[in-house]
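Number of protein chains: 2
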Amino acid sequence: MRSPPDIIRIALVQMQCEEDPALNLARAEKMITEASKRGAHLIVLPELFKTRYFCQWEDVRHFDLAEPIPGPTIERMQQLARQSNVVLVVPLFERRAAGLYHNSAAIIDANGALVGVYRKMHIPHDPLYYEKYYFTPGDSGFRAWPTQVGKIGVLICWDQWFPEAARLTALRGAEVLVYPTAIGWHPHEKSTWGDAQHKAWEMVQRAHAITNGIFVAAVNRVGHEGPADGGLDFWGASFVCDPFGRILAQASHDREEIVFAALDKSLIETVRRNWPFFRDRRTDAYQELTRRYIGDMP
Amino acid sequence: MRSPPDIIRIALVQMQCEEDPALNLARAEKMITEASKRGAHLIVLPELFKTRYFCQWEDVRHFDLAEPIPGPTIERMQQLARQSNVVLVVPLFERRAAGLYHNSAAIIDANGALVGVYRKMHIPHDPLYYEKYYFTPGDSGFRAWPTQVGKIGVLICWDQWFPEAARLTALRGAEVLVYPTAIGWHPHEKSTWGDAQHKAWEMVQRAHAITNGIFVAAVNRVGHEGPADGGLDFWGASFVCDPFGRILAQASHDREEIVFAALDKSLIETVRRNWPFFRDRRTDAYQELTRRYIGDMP
């Protein structure tokens, strides 16, 4: 590719994940190839796209699903990135060492180079999201990686809820912040809380776009996984929004699809000039953000 | 009043501000009395409620509008709080010393005690919002004040856009975070940007409620101020939302009115148990939030 284009054509691969990792990989490759043919420069897969969301169960055998980075999957994706001339964000269950596993994402440039690895910093652990059993919290910090389409920030799922993560990624110079995700409803809660949960998820990420003056994209999976009388209904609804928080494109709640959007980077400059939050941050008064709680101080 | 009630009955006084400060004060007192009679425990006035939004002009004579805290207005409000048995948040253009002025808010308990003064930390300075001329950035830090209805966090207007401010206030134990505000449209921009501006403003504050698991309330003024062919159209739309970001009550864009809502504090516990962001914050990885920018680092 050329120097960073003024317009990034992004594609989000909203997919359903099968039991067999080989099928998921093949499907992801097919969808990446399609997105590339339809003009995408930057293509993002959902969190842990190669497997079922195995964190519904705490089972030591699931560690067999992990792979090193680089490793077979990432090397194959590097080849695909080079062939298709696209930047890829590829989430993976990473085996970093014996007994040391991460929920990670590889950032692969359009020439096939592995630019970096983001390791999920905030790890959830709640009913059917038993991630603290599998994943060591990342030590990658919050970063933005230079690629042929521009500086890309990557955070993963639970990170979505932490404004600190979005802010630090933006301060690193990210122009677009992508969130590979696996979030769904508990079927028994869906009628009572489902709408509010989805709305809150979307709203918080759009707020990150606004408060930081950057593009934000979330890529979720779809479909039911787990027992018929329980499990999780992944809610899809992958979307892209601009630095004003306006949604540019959005997927359904229940279908596999590719979400396309054109990100005009000049909007970052325009929005930040008119709402210059970076000018006015009180960097002298934020030290206590590194504290756990201060409400119990005298 | 008694010990902090499980339900806080809040009232937001959305008002129009006249040229004459005495009229604004009288109107605020009348609306506070009405809100109290209708059952409010906590009543919040809009930013700089006693004056026109004079920051549209840089004029040295406007410093005459400032008052000390405590001073005539705050003492009168302390009396009213005691008489009506309500907690009040009273914004004021504060003269702290010769040549030292703040955009402040007094927190007055239901027994009339002056519990604290918040001094706006983030100061804007953009077309028709020339606040850096008048107001020294606050040195109060981000606080939550104990009152007879519970712990109240106070931030002012431009602070709304900074997740750091909301987070630090929540970490101090705030149960409800109130934002006295004076925000409006530039009439010439209204048709192009107006809807997106209002939506972004609302969304960012609802996101603070979600990411911190607290109630949030914004109190704006209404009406046009300034020359007929320019000036600002203050957009009202004062609202209260719950820790899930759901709007409980919301005012019109163009009328004086009092917004009432009942805040059930038990929802804070429920929401935070289900989305335990405070459990998972990476306090070890947030140091660089005190930096201005790090995107130019190697």
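Those sequence lines, one after another, are chains P and Z. Residue numbers are given in numbering that gives the first Met the number 0: position 1 of the first sequence equals residue 0, and the series is strictly consecutive. Residue numbers are given in numbering that gives the first Met the number 0: position 229 of the second sequence equals residue 228, and the series is strictly consecutive. Cβ atoms here follow ideal geometry from the backbone N, Cα and C, with glycine treated the same way.
Among the options, which residue has its Cα nearest to the Cα of residue i?
i	options	result
Leu113 of chain P	P:Ile293, P:Leu288, P:Gln78	P:Gln78
His207 of chain Z	Z:Thr269, Z:Ala195, Z:Phe276	Z:Phe276
Arg37 of chain P	P:Thr269, P:Val258, P:Gln286, P:Arg272	P:Val258
Ala227 of chain Z	Z:Ile9, Z:Asn84, Z:His187, Z:Pro3	Z:His187
Arg81 of chain Z	Z:Arg254, Z:Arg60, Z:Thr269, Z:His40	Z:His40
Thr269 of chain Z	Z:Gly294, Z:Glu17, Z:Pro242	Z:Pro242
Ala96 of chain Z	Z:Lys198, Z:Gly115, Z:Phe62	Z:Phe62
Val218 of chain P	P:Thr210, P:Leu24, P:Gln204, P:Ile209	P:Gln204
Trp157 of chain P	P:Leu170, P:Val148, P:Glu66, P:Glu201	P:Glu201
Arg26 of chain P	P:Ser237, P:Arg272, P:Glu255	P:Glu255
Phe134 of chain Z	Z:Asp5, Z:Glu66, Z:Phe238	Z:Glu66
Ala104 of chain Z	Z:Glu93, Z:Gly98, Z:Gly111, Z:Asn110	Z:Glu93
Trp144 of chain P	P:Met296, P:Pro3, P:Leu288	P:Pro3
Phe161 of chain Z	Z:Gly115, Z:Pro45, Z:Thr210, Z:Arg271	Z:Thr210
Ala10 of chain Z	Z:Leu64, Z:Val43, Z:Leu24	Z:Val43
Gln159 of chain Z	Z:Arg271, Z:Tyr178, Z:Val116, Z:Pro90	Z:Tyr178
Ile107 of chain P	P:Leu87, P:His101, P:Thr50, P:Met120	P:Leu87
Ser265 of chain Z	Z:Val12, Z:Leu99, Z:Val175	Z:Val175
Thr50 of chain P	P:Lys29, P:Ile6, P:Asn102	P:Asn102
When you compare the CB of residue i with every CB in chain Z, is at least one pair closer than 8 Å?
i	result
Ala260 of chain P	no
Asp279 of chain P	yes
Phe243 of chain P	yes
Gly98 of chain P	no
Ile122 of chain P	yes
Leu167 of chain P	yes
Counting only C-beta atoms, is residue i closer than 8 Å to chain P at any point?
i	result
Ala206 of chain Z	yes
Thr135 of chain Z	no
Gly172 of chain Z	yes
Gly140 of chain Z	yes
Leu44 of chain Z	no
What three-state label does DSSP hand residue i in the structure shown?
i	result
Trp234 of chain Z	strand
Leu22 of chain P	helix
Asn219 of chain P	coil
Pro123 of chain Z	coil
Asp63 of chain Z	helix
Val148 of chain Z	coil
Trp184 of chain P	strand
Ala250 of chain P	coil
Glu256 of chain P	strand
Pro162 of chain Z	helix
Val85 of chain P	coil
Ile267 of chain Z	helix
Asn110 of chain P	coil
Gly193 of chain Z	helix
Glu224 of chain P	strand
Cys240 of chain P	strand
Phe214 of chain Z	strand
Pro71 of chain P	helix
Phe92 of chain P	strand
Glu35 of chain Z	First, the amino acid is wrong: residue 35 of chain Z is Ser here, not Glu. Ser35 of chain Z falls in the helix class under three-state DSSP.
Ala261 of chain P	strand
Ala97 of chain P	coil
Ala27 of chain Z	helix
Arg8 of chain P	strand
Leu154 of chain Z	coil
Ile293 of chain P	coil
Review point. Using Cβ-Cβ distances below 9 Å, what residues of the segment 262–296 of chain P are close to chain Z?
Key: Asn273, Trp274, Pro275, Phe276, Phe277, Arg278, Asp279, Arg280, Arg281, Thr282, Asp283, Ala284, Tyr285, Gln286, Glu287, Leu288, Thr289, Arg290, Arg291, Tyr292, Ile293, Gly294, Asp295, Met296
**Study point:** Residues of the segment 144–162 of chain P whose Cβ lies closer than 8 Å to any Cβ of chain Z, in chain order
**Key:** Lys150, Trp157, Trp160, Phe161, Pro162
Review point. Can we say the segment 7–27 of chain Z touches the segment 243–262 of chain P, given the rule of at least three CB pairs closer than 8 Å?
Key: no
Practice item. Note down, in chain order, all residues in the segment 199–225 of chain Z with a beta-carbon under 7 Å from any beta-carbon belonging to chain P. Key: Ala199, Met202, Val203, Arg205, Ala206, Ile209, Thr210
Review point. For the segment 184–196 of chain Z, which residues have a CB atom closer than 7 Å to at least one CB atom of chain P, in sequence order?
Key: Ala195
Review point. If you measure beta-carbon to beta-carbon, which residues of the segment 83–107 of chain Z are closer than 8 Å to chain P?
Key: none
Review point. Touching or not, the segment 215–222 of chain P and the segment 169–189 of chain P, by the rule of three or more beta carbon pairs under 8 Å?
Key: yes
Check your understanding: At a cut of 8 Å, does the segment 122–129 of chain Z reach the segment 188–195 of chain Z through at least three beta carbon pairs?
Key -> no
Point to revise | Near-chain P residues of the segment 107–119 of chain Z (beta-carbon distance less than 8 Å), N- to C-terminal order | key: none
Check your understanding: Touching or not, the segment 282–292 of chain Z and the segment 162–171 of chain P, by the rule of three or more beta carbon pairs under 8 Å?
Key -> yes
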